Every structure is written in structure tokens, then in C-alpha cells.
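So the structure is just underneath, and the comments pick up after that.
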Amino acid sequence: CALATSIEVVIAGRIVMEAHRAGQTIDDLLELSRIELGEEPVRDLVDLVDVVHDGVARAHQLAELKSIVIESFDIPDGARVTGDRRQLVSALGNLVENAVKYSEPGSSVQVRVRVQPPWVELMVADHGVGIPAADHTRIFERFYRVDKGRGRETGGTGLGLSIVRHVATNHRGDVQVSSAEGEGSTFVLRLPLATSPQPRRQVEQRSRI
Ligand code: ATP
Ligand code: MG
1340 CALATSIEVV IAGRIVMEAH RAGQTIDDLL ELSRIELGEE PVRDLVDLVD
1390 VVHDGVARAH QLAELKSIVI ESFDIPDGAR VTGDRRQLVS ALGNLVENAV
1440 KYSEPGSSVQ VRVRVQPPWV ELMVADHGVG IPAADHTRIF ERFYRVDKGR
1490 GRETGGTGLG LSIVRHVATN HRGDVQVSSA EGEGSTFVLR LPLATSPQPR
1540 RQVEQRSRI
């Protein structure tokens, strides 16, 4: 009958969600241990266009499910850093994922890149639940979650922001938050701008200005 079917669908959905959640926890733990083991640091020239593309893709599915628009703005020329692309994608992905997770359906999330020599800043802003001032430093601790009750609805282990902070430190940068409860949050990941010589195409563009 129809009732039994709909209960089965709800249970099936729940099983899929829990499995996904367990999978994500394992992924996060692996990422964190990889970072903490301090494998030989990767020092590639990484274009932030790629980091934003892949980081935003990580939150795409949840955003679609909640009808949340992720707006990413034009990325300025020369926004490159020296480091580990996979780590950088993981850091930005975690910030965008949080922005989507802790926002109401139908809202929007903004991703911006700003070059401010000698830094480049990756900014993720949302208009979600916000974070109480007392928790602004603690949220970067491993397994720390603002409200345990929130956790059951949104899933998560409290590892995301500790990964972001590790990645920032590994790249000689930092991560800052500004947030007000009920208004939203902005996270800024600040990294040293790559100092390597610019590709020819960009040098030519510059000299025309
Ligand atoms: P995980 O990322 O491991 O899946 P998580 O999202 O709970 O789980 P973190 O990303 O480390 O863990 O975030 C820690 C806590 O900080 C969250 O539980 C949440 O309470 C709060 N938080 C993080 N980002 C935001 C945000 N954009 N808006 C509101 N609260 C946030
Ligand atoms: Mg998170």
C-alpha cells in the first residue's frame, strides 16, 4: 500500500544519507592525516581559477538540493599561489560546503578572490545562521561544532574548519571569520601571492595598459 511505500522511501533516503555522512567523515580524516603527516610539501604553481572551480563543485549537489545559488565573481589576473592544489581545493571546498550547509534554502553564497600584494584572499560569504562571537576561535578546533543539535540535521564531524586552518598554515597564510548570529558569515582564506615570473601572455597584456 501507499503508506508502506512512502515509509520505505524515507528509510532508504535516511540510509543513503547516513552512508554518505560516514563516507565524508572518512574522507575528511584521511585528508587531515595526509596533511598532518606532513608528506613532502607540494610546491606547484596553482591558479586560483582552478581552485575556485573545483572547490565550488564540491558543494554543488547540496546547493542544488537547497536551491542555493553559489555566485563566483571574476577572478583577477595573476591570482596564483605556490602550493598543493588538492589541499587548496579541499580548504575552499570546505568553506563553500559550510556556507551552503548553514544557510536557509533559497539563499545565496558568494565566492570572491581579491589580490592584495603580497597576499591573495579567497572570500566565502553566506547569509545563513551565523556563528556566536564566543565560538569564533573554537570552530577551527578539531571536532568542534557550535550546536550539537544542528549537527543531526546538517551532518558533519567538525573537521572541515580544522582542515582549512591546516591548509592555510601549510601555505604560510591564515583564515579569519567575521560573523553575526542570524545574519551570516564571511570566511577569508589569505595566502601569499606566488612570486614566480608571469607567463608571457599576461606580461604583454599589462604593457598595453
Ligand atoms: P564537517 O565539515 O566535518 O562535515 P562541520 O561542518 O560541523 O562538519 P566545521 O566545518 O569544522 O565542521 O565547522 C565547525 C562548526 O562551525 C560547524 O559545526 C558550525 O557550527 C560552524 N560553522 C562553520 N561554518 C559556518 C557557517 N558558514 N555558518 C554558520 N556556522 C558555521
Ligand atoms: Mg564543515
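Here the sequence shown is numbered in this note's numbering, starting from 1340 and rising by one per residue.
Beta carbons: idealized from backbone N, C-alpha and C, even for Gly.
Model, not experiment: these values are computed from the prediction.
Compare the Cα-Cα distances from residue i to each of the options and report the closest residue.
i	options	result
Leu1369	Val1349, Val1516, Gly1499 and Glu1522	Gly1499
Val1527	His1475, Leu1461, Val1506 and Ile1478	Leu1461
Leu1427	Arg1504, Gly1521, Ala1341 and Ala1519	Arg1504
Pro1457	Val1390, Val1468, Arg1529 and Thr1525	Arg1529
Ser1524	Ala1507, Asp1465, Asp1486 and Ala1472	Asp1465
Phe1598	Ala1430, Gly1467, Val1355 and Val1408	One cannot answer for residue 1598 here, as it falls past the ends of the chain, which runs 1340 to 1548.
His1475	Leu1376, Val1485, Gly1467 and Val1454	Val1485
Ile1409	Val1448, Val1355, Arg1353 and Ile1365	Val1448
Val1514	Asn1433, Ile1346 and Asp1416	Asn1433
Ala1533	Asp1383, His1359, His1399 and Gln1363	Asp1383
Asp1416	Val1459, Val1348, Val1355 and Gln1363	Val1459
Who are the near neighbours of residue i in its chain, counting only those whose CB is closer than 7 Å to its CB and skipping five residues on each side?
i	result
Ser1511	Here the sequence assigns Arg to residue 1511, which means Ser is not the residue at that position. Closer than 7 Å at Cβ, skipping near neighbours: Pro1531.
Leu1342	none
Tell me which residues share the same chain as residue i and place their Cβ nearer than 6 Å to its Cβ, disregarding the 5 neighbours each side in the sequence.
i	result
Leu1401	Val1439
Arg1477	Tyr1483
Arg1373	none
Check whether the Cβ of residue i sits closer than 7 Å to any heavy atom of the ligand MG, and report yes or no.
i	result
Gly1394	no
Asn1433	yes
Glu1480	no
Asn1437	yes
Gly1495	yes
Under 8 Å Cβ to Cβ from residue i, same chain only, skipping five residues before and after it: list those, please.
i	result
Thr1344	none
Quick test of your reading: residue i and residue j, contact by CB under 8 Å. State the CB separation rounded to the nearest angstrom.
i	j	result
Leu1387	Arg1425	No, Leu1387 and Arg1425 are not in contact; Cβ-Cβ is about 14 Å, not under 8 Å.
Val1452	Gly1394	Contact doesn't hold; Cβ gap of about 11 Å is too wide.
Ala1367	Thr1496	According to the sequence shown, residue 1367 is Asp rather than Ala. Between Thr1496 and Asp1367 the Cβ distance is about 6 Å, and since that is below 8 Å, they are a contact.
Under 7 Å: does the beta carbon of residue i sit that close to some heavy atom of the ligand ATP?
i	result
Val1428	no
Ser1501	yes
- 3 or more residues per run - each beta strand (DSSP E) lying fully within the segment 1442-1524: 1447-1455, 1458-1465 and 1513-1519
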